[in-house]
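>
In full-length UniProt numbering, the protein residues as written are 1 to 935.
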């Protein structure tokens with residue numbers, strides 16, 4: 001009942017007084033609750049004779065004491081753990097006679113959480129015990145009489161996190177005790193500034209070991225360098241500072257704040273340590289300057305850093321001199337006397353043609369584009385130029401301008417300049433540019449031409465040089481004429497001639513013209529020109545018609561006798577239609593293999609070859625290593641394949657045909673044929689061919705050997721680089737319409753620099769020679785496309801299938817495709833849709849490219865050109881090679897329906913935002929990306 005409660009007494013009245021930086025005091029009100037005997041409010045004197053109020057209880061004679069003293073409701077105010085400091089005195093039970101068994105020297109501390117202070121009565125069972133409190137020191141009656149107060153101070157912590165406030169209670173169980181004061185507080189990490197970031201007052205965590213993460217905010221005039229964070233410890237101390245801020249341009253750190261740079265100082269970038277003094281020839285007139293203003297007459301270029309001194313444009317070049325040589329002028333000068341404090345001085349040149357007008361006025365116009373200046377018109381770092389292709393006897397003015405980085409900023413865009421005027425001398429004429437032929441007969445023709453563009457004086461005569469085209473200037477004739485035409489006689493009928501013409505002035509001959517080719521005809525009378533007799537013309541036409549009929553008959557007969565296949569005819573036609581594209585010619589279309597070998601391969605003098613040792617056995621005989629000495633070049637190491645003794649005609653034909661095939665190729669990723677030896681005996685070998693497989697002493701090996709030897713030691717970029725070299729060589733073969741048919745790692749040669757070369761062109765005729773080859777072991781089943789195995793359809797698309805197997809061999813470091821499966825199992829597995837899995841650590845984009853090469857429909861496979869483009873893109877963006885088969889696509893990558901490797905590619909090039917656009921347009925595979933255009 002309320003009558004049982006005494007008046008509320010304040011134990012302390014403080015109104016949230018701060019005691020120390022990490023503690024906040026909570027004012028509490030204590031009221032007594034009495035069950036049997038009760039606590040009493042007693043006034044006593046402390047050691048300084050100052051009266052204080054205490055709560056006391058000393059019922060030690062009665063057993064089973066249960067005396068409670070409870071505080072009023074205390075608001076938690078955000079605290080998660082509060083601390084209770086109790087100061088009290090305790091009577092020693094030994095100093096009290098006759099209380100054995102009933103006297104105690106401890107009391108209990110309890111708490112009870114609640115959301116409001118309306119609970120006027122709380123059962124003792126609702127309280128939670130905090131601890132039993134014992135005294136370190138107790139007093140006796142004598143002590144009190146001597147006024148010696150033995151005060152005990154005990155602190156206990158309580159975790160309060162579930163309600164808005166709480167009550168504290170003290171239970172006496174039979175002690176003689178007096179509560180002097182109770183202080184309730186919680187701890188905070190105080191407001192602080194660390195690394196230019198402000199961290200607010202922060203209440204500590206609920207547990208004694210907890211750390212509260214706090215994000216700081218940058219102080220004024222600063223920006224975040226790295227997210228500033230600290231942790232508030234349970235004892236109210238800040239721990240583990242991370243990140244921070246740095247002052248904005250124009251401000252520097254001082255005493256934990258960003259202060260503006262003083263006048264005469266600046267700070268250009270946030271990364272600068274502090275304000276710096278203005279560089280020479282500049283100043284700042286206000287605080288917080290980010291750059292210093294140049295003094296009058298001084299300038300700073302746009303690319304100059306703020307720390308660079310302001311500079312000036314250069315003065316004019318000095319000591320400009322000229323030297324005239326006919327129609328050429330050499331100009332030289334010295335650098336400017338004043339460079340303006342810079343080192344980026346450059347020069348430019350203006351050329352003017354100056355003529356005196358009718359009223360004795362000099363008129364200067366810019367030189368034409370035909371005037372040549374070496375090394376150039378502008379941006380010159382040298383102080384010497386050569387001007388050529390000038391007119392003879394002409395006045396020229398040359399102006400040399402000096403520039404540096406601030407010439408434009410200063411308004412002196414043309415720069416300071418120096419000039420010189422010269423007059424060119426007499427010079428030889430320029431070449432004749434056009435020659436025409438007329439009145440062409442069997443043994444003569446009439447040449448005519450125009451005067452040179454720059455005669456450079458009076459032309460005295462012309463000189464005509466001509467020779468038969470087949471002679472190539474080894475035997476030529478000269479004739480001279482005063483006019484711009486010449487009647488050339490004494491020529492051979494039906495012969496093509498090359499003509500050159502040059503002009504001569506008093507200064508000498510000019511250069512010969514470019515070659516012009518004209519042919520004589522078979523008729524003694526001219527077919528072109530005026531005054532031709534009509535009867536003769538009719539006779540000539542009739543003769544030409546008869547010749548055409550005869551030629552046609554001869555062609556038909558030769559056509560029937562020709563042993564050339566349609567392959568060669570088609571290739572010749574393609575060459576005619578595409579003159580810039582070289583097409584492969586099958587040497588088996590030649591009836592005589594010697595004719596093919598001499599057309600496509602160079603004959604080597606046996607004296608230029610030095611054989612050193614035998615290095616292996618080939619299909620046709622021994623393979624030797626040696627050196628080849630070519631006149632005018634340094635000696636190179638080569639391999640020499642030989643045709644063994646006792647060869648058959650077919651073996652000799654196949655041997656020479658392989659050389660004829662290789663002789664048509666010239667590409668850095670195709671094995672190079674240096675030549676053949678067919679006209680002498682070498683090491684008792686009837687015929688040898690010399691294959692260049694070694695360059696600059698870097699020996700080549702079969703690709704499968706170094707892959708197996710250095711398993712796992714190459715980087716992905718190195719592997720892709722090797723694949724790119726193979727693809728480049730195969731693109732070259734494909735462009736020539738050549739099908740390799742045996743592309744495998746064993747037929748790829750590689751050197752120590754990982755340069756790969758495609759080799760071994762011996763299988764190109766296997767299937768034509770052997771109708772049953774599809775079912776024999778001669779065909780490389782594991783590397784061959786299904787249509788080539790079943791229908792013998794070998795195309796560039798089947799080479800692409802084989803290239804996919806080579807990719808798998810390279811990435812797996814020479815592992816055998818399909819492992820220990822036999823050929824029939826391989827064919828069956830492929831027919832059922834099985835494809836080789838990705839090797840260990842294989843980038844997914846590479847395995848996807850392999851799968852594209854292994855499409856059943858050969859029209860769906862990429863071309864070698866597309867493969868080469870794809871590999872180039874991977875090399876330029878190596879980030880796309882990081883994801884391997886062990887990774888999995890994220891939901892973000894898959895939500896648009898785009899294949900995840902495409903998403904990875906977009907992410908690597910910073911264009912992931914176009915994922916949905918590409919998906920909507922149908923670009924969902926790596927292969928489809930190859931068709932992307934700039935638009």
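Where is the CB? At the ideal position from N, CA and C, for every residue including glycine.
On the DSSP bridge list, what partners appear for residue 238?
For residue 238, which the question treats as bridged, DSSP gives the partners 232.
> Any idea what DSSP makes of residue 687, helix, strand or coil?
Its pLDDT being 37, under 50, residue 687 is placed unreliably in this model, and the coordinates cannot settle the point.
> Report the three-state DSSP secondary structure of residue 730 (helix, strand or coil).
Helix at residue 730.
> Since residue 183 sits in a beta bridge, which residues does DSSP pair it with?
Per DSSP, 85.
> Could you tell me the alpha carbon to alpha carbon distance between residue 758 and residue 821, rounded to whole angstroms?
Distance between the alpha carbons of residue 758 and residue 821 is about 27 Å.
> I want to see whether chain D comes within less than 9 Å of residue 411, judged by CB atoms only; does it?
The displayed structure is made up of one protein chain only, and chain D is not part of it.
> Would you identify the three-state DSSP class for residue 621, choosing helix, strand or coil?
In this structure, residue 621 counts as coil in the three-state DSSP scheme.
> How would you call residue 775, buried or exposed, if buried means at least 16 neighbouring beta carbons within 10 angstroms?
Bear in mind that the predicted position of residue 775 carries a pLDDT of just 41, short of 50, making it unreliable; the figure below should be weighed with that in mind. That one is exposed.
> Give me the Cα-Cα distance between residue 741 and residue 432, rounded to the nearest whole angstrom.
Rounded to the nearest angstrom, the two C-alpha atoms are 54 Å apart.
> On the three-state DSSP scale, how would you describe residue 866?
It is helical.
> Please report how far the alpha carbon of residue 1024 lies from the alpha carbon of residue 717, in whole angstroms.
Because the chain here runs from 1 to 935, residue 1024 falls outside it and cannot be looked at.
> Quick one, which of 754, 931, 372 has its alpha-carbon nearest residue 702's?
Closest by alpha carbon: 754.
> With DSSP collapsed to three states, give me the class of residue 932.
Reduced to three states, the DSSP call for residue 932 is coil.
> Please tell me whether residue 68 and residue 166 are closer than 9 Å, where the distance is taken between their beta carbons.
No, they are not a contact pair.
> Hey, how far is the Cα of residue 405 from the Cα of residue 313?
Straight-line Cα distance between these residues: approximately 8 Å.
> Return yes when the Cβ of residue 107 is within less than 9 Å of the Cβ of residue 175, no when it is not.
It is a contact, given that the beta carbons lie within the stated cut-off.
> Identify, in the order they occur along the chain, each residue of the same chain with its Cβ nearer than 8 Å to the Cβ of residue 866, setting aside the five sequence neighbours on each side.
Cβ within range, chain order: 927, 930.
> Can you give me the Cβ contacts of residue 429 inside the same chain, cut-off strictly under 7 Å, excluding the 5 residues immediately before and after it?
These residues qualify, in order along the chain: 452, 454, 455, 456, 459, 503, 505, 510.
> Can you grab the Cα-Cα spacing for the pair residue 378 / residue 347, in whole Å?
One C-alpha to the other measures close to 6 Å.
> Count the other CB atoms within 10 Å of the CB of residue 839; is the residue buried (16 or more) or exposed (fewer)?
With 16 or more Cβ atoms within 10 Å of its Cβ, residue 839 is classed as buried.
> Are the CB atoms of residue 600 and residue 664 within a distance shorter than 9 Å?
Yes, the pair counts as a contact, with Cβ atoms nearer than the cut-off.
> What ranges does the alpha helix (DSSP H) occupy inside the region 53-78, keeping only unbroken runs of at least 4 residues that lie completely in it?
Complete alpha helix (DSSP H) runs here, min 4: none at all.
> Comparing alpha-carbon positions, which option in 474, 350, 445 lies nearest residue 418?
Among 474, 350, 445, the Cα nearest to that of residue 418 is on 350.
> With H, G and I counted as helix, E and B as strand and the rest as coil, what does DSSP make of residue 819?
In this structure, residue 819 counts as coil in the three-state DSSP scheme.
> Hey, would you say residue 53 sits closer than 9 Å to residue 41, going by beta carbons?
Yes, the Cβ-Cβ distance between residue 53 and residue 41 is below 9 Å.
> Taking the alpha-carbon positions, what's the residue 626 to residue 609 distance?
Roughly 7 Å between the two C-alpha positions.
> With a threshold of 8 Å on Cβ separation, who are the neighbours of residue 480 within its own chain once the five nearest residues in sequence on each side are excluded?
Around residue 480: 461, 462, 463, 464.
> Excluding the five sequence neighbours on either side, which residues of its own chain have a C-beta within less than 8 Å of the C-beta of residue 352, listed in chain order?
If we look at residue 352 and ignore the five residues flanking it on each side, its Cβ neighbours are 364, 365, 366, 367, 396, 397, 398, 399.
> Using a threshold of 9 Å, state whether the C-beta atoms of residue 327 and residue 390 are closer than that.
Closer than 9 Å, so yes.
> Which residue marks the beginning of the beta strand (DSSP E) containing residue 637, and which one marks its end?
Residue 637 -> beta strand (DSSP E) spans 636-643.
> Going by C-alpha distance, which of 636, 818, 655 is nearest residue 939?
Look at the range of the chain in this structure, 1 to 935, and you will see that residue 939 is not part of it.
> Helix, strand or coil for residue 807, going by three-state DSSP, please let me know.
Here residue 807 sits in helix by DSSP.
> CB-CB under 6 Å to residue 355, same chain, minus the five flanking residues each way: which ones, in chain order?
Answer for residue 355: 363, listed in chain order.
> Please report the straight-line C-alpha distance between residue 445 and residue 595, rounded to a whole angstrom.
Their Cα atoms are separated by approximately 38 Å.
> Quick one, which of 409, 249, 121, 386 has its alpha-carbon nearest residue 302's?
Among 409, 249, 121, 386, the Cα nearest to that of residue 302 is on 409.
> Tell me residue 332's beta-bridge partners as DSSP assigns them.
In DSSP, residue 332 forms a bridge with 321, 384.
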